[in-house]
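To start, the structure itself, in structure tokens.
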Amino acid sequence: MERITVDIDKPWLTVADICEYMDASTFVVTSVLRSGEVPAVKFGREWRVARRDFEDWLNHQRTLDRSDAEFGVDV
């Protein structure tokens, strides 16, 4: 399985970067960050995510989705 890489040329991603990449709302992205599911740091009111950590999370999610499909779980 080929590893997902994010085509954004900066080491730290903002919530806006992730929203655009994932086509997700700010609410969804910040909820995931607050949960600790994706390693992130908060500077004042702004979240930052290391691009590598985001890529690792994406790849882990894809692995989970494939595992669910193998066991007949609808994804």
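Residue 0 is where the sequence shown starts when you use numbering that gives the first Met the number 0, and the numbers rise one by one after that. By construction, the Cβ of each residue, glycine as well, lies at the ideal position given by its N, Cα and C atoms.
Do you know offhand how far residue i's Cα is from residue j's?
i	j	result
Gln60	Ala49	17 Å
Cys18	Lys9	15 Å
Asp55	Ala23	18 Å
Phe26	Phe42	18 Å
Gly35	Met21	18 Å
Asn58	Arg2	7 Å
Given a cut-off of 9 Å, decide if residue j and residue i are closer than it, judged by their beta-carbon atoms.
i	j	result
Val14	Thr4	no
Leu32	Trp46	yes
Who are the near neighbours of residue i in its chain, counting only those whose CB is closer than 8 Å to its CB and skipping five residues on each side?
i	result
His44	The residue you asked about is not His; residue 44 is Arg in the sequence shown. Correct list: empty, nothing qualifies.
Phe53	Val5, Leu12, Ile17, Val37
Ile7	Asp16, Tyr20, Arg50
Within the same chain, show all residues whose beta-carbon is closer than 7 Å to that of residue i, passing over the 5 residues directly before and after it, in chain order.
i	result
Val40	Arg47
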